[in-house]
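Going by the working numbering, 52 is the number at position 70 of the sequence shown; the sequence numbering is gapless.
In this text, a Cβ means the ideal position worked out from N, Cα and C, and glycines have one as well.
See below for the structure under consideration.
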Amino acid sequence: MKKTVKRILVAGGAGFLGSHLCERLLREGHQVVCVDNFVTGSTDNFAAFSESTAFQWIRHDICEPLDLQGIEEIYNFACPASPMHYQADPIQTLKTSVQGTLNLIQLARRTGCKLFQASTSEVYGDPLVQPQVEDYWGHVNPIGIRSCYDEGKRCAETLLFDFFRMHQVPIKVGRIFNTYGPRMHPQDGRVVSNFIVQALRNEPLTIYGDGSQTRSFCYVDDLIEVVVRMMASPKEITGPVNLGNPVEYCILDLARHVLELTGSRSQILFQALPADDPKQRRPDISKARACLDWQPATPLLEGLKATIEYFTGVLDSPLSSATSE
C-alpha cells in the first residue's frame, strides 16, 4: 500500500529535537517545511539533508503570524529549552510559548490540520509527586527565574485545549522530559552536554548542589519515535502524555559515567544549586505505553557513547558545527 506523502511544518526545525524530527519525516518520504528564527538553532543541524528537494527552510519568528498553504501537520518545537538560553530573554521566551503557539494554533485551525505541541516536564515545576503523572497539576513558582519557560508552556497547553474544545482543532500534547543526543548545542547549559564538553576538555565537571538530585534521560531517537507515533495516533488521544525515560539517575552517577566513557582527567566541582532547580524528575509513562505502545529502547551508556562521539567531532572541528548563526 502506497504511503501518503504529507506537507509538514516543523517550527523550531533547526534546533536539536526539531532537526532530528525533520530528518525522520524526510526519511519517511514527507515534504518538510522548517521554520526557525535561529536564536538557538543552526543551519548546520540540517546540513546533511538541506539539499533534499522535499525540504524547505524559512527564517521566521513564530511570534509573528505565519501564512502557509497546503500544510497538513504542524509540530511546534519552537522555544529555547535550556535554562541558560530561555533565561537570556525571558520576555521573548514567554512570547514564543504563548503568542507563538497561538499563531500556530490559528494556522492549524485555518488549514484544518493537526498540531503537535512539544510541551515539557517543566510544567510540573519542582514536583511533590513522584513519579509525575499527567493529572498532577505541578508545583511551579510563577514569578521565579524559570517561570518564563514553565508558565509559558503551561499557558500554551491551556490555549491548545481551549481551541480543541471551542473549535475542534485536532491537538496532540506531549510533555517531554530530559532528552539528549547528537546536535545538542555545546553551550546548551544542560547537564549531559555540560558534562561531556567539560570532560572532553579535561575541565572540572560542574555539579550544582551535592549531586543527589535526579533526572531521567531519554535518547533523542527514542523521543522522536514516540513523537511521530503520537501524531499518528487516533484523534481522541489528545494528551497530555509524558514522553521520557522512567529510569532515574542521580547527577553524580551521570558525571561518573561520563568520566569513565571519555577517559577524562577532569575532577568534579560542586557549586550552589540554582533557584527553583527541581530535586527529582521522573515520568510515569503508563499512558505512553498503553496508548502509543512505546517505551524507550536506548540504554543510557549506549546513548552517552553516541553523544560523546558527536561532541568529539564538534570540538575537534575548527568551527563548531552546532553553534547558532
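So is residue i buried or exposed if we call it buried at 16+ other beta carbons inside 10 Å?
| i | result |
| --- | --- |
| Thr305 | At Thr305, the pLDDT of 38 sits below 50, so the modelled position is not reliable; the number obtained from the coordinates is stated separately. Per the 10 Å Cβ criterion, exposed. |
| Ala90 | buried |
| Leu255 | exposed |
| Lys96 | buried |
| Ser129 | buried |
| Ile(-10) | buried |
| Ile290 | buried |
| Arg172 | buried |
Output the distance between the C-alpha atoms of residue i and residue j, rounded to the nearest integer angstrom.
| i | j | result |
| --- | --- | --- |
| Gly156 | Asp132 | 14 angstroms |
| Leu48 | Phe145 | 18 angstroms |
| Leu182 | Gly245 | 8 angstroms |
| Asn27 | Tyr57 | 17 angstroms |
| Val(-13) | His12 | 5 angstroms |
| Ala36 | Leu251 | 47 angstroms |
| His239 | Leu283 | 8 angstroms |
| Glu5 | Asp203 | 11 angstroms |
| Lys77 | Cys45 | 7 angstroms |
| Asp298 | Thr93 | 45 angstroms |
| Pro65 | Gly(-3) | 15 angstroms |
| Cys232 | Thr196 | 4 angstroms |
| Cys137 | Asn123 | 14 angstroms |
| Val296 | Leu86 | 33 angstroms |
Compute the beta-carbon to beta-carbon distance between residue i and residue j, rounded to the nearest angstrom, for a pair I have assumed lies under 8 angstroms.
| i | j | result |
| --- | --- | --- |
| Ala60 | Gly(-6) | 4 angstroms |
| Arg264 | Gln114 | 7 angstroms |
| Glu230 | Ser198 | 5 angstroms |
| Leu236 | Ser194 | Not confirmed; about 12 angstroms, so no contact. |
| Leu3 | Val209 | 6 angstroms |
| Ile40 | Val15 | 7 angstroms |
| Lys135 | Ser175 | About 21 angstroms separates the two Cβ atoms, so there is no contact after all. |
How would you write the range of the beta strand (DSSP E) that residue i sits in, first residue to last?
| i | result |
| --- | --- |
| Ala(-7) | -11 to -7 |
| Asp204 | Taken as a continuous stretch (DSSP letters only), Asp204 belongs to no beta strand (DSSP E), being part of the alpha helix (DSSP H) at 202 to 213. |
| Ala(-4) | No beta strand (DSSP E) contains Ala(-4), which DSSP labels as neither H nor E. |
| Gln249 | Run containing Gln249: none; DSSP gives neither H nor E here. |
Along the chain, where does the alpha helix (DSSP H) containing residue i start, and where does it finish?
| i | result |
| --- | --- |
| Glu139 | 129 to 149 |
| Glu55 | Glu55 -> not in any alpha helix (DSSP H); beta strand (DSSP E) instead, spanning 55 to 58. |
| Gly285 | 282 to 298 |
Counting only runs that start and end within the region 162 to 191, where is the beta strand (DSSP E) found for 3 or more residues in a row?
187 to 190
Quick check on the DSSP output: what are the complete beta strand (DSSP E) runs of length 3 or more inside the region 81 to 118, in order along the chain?
96 to 102
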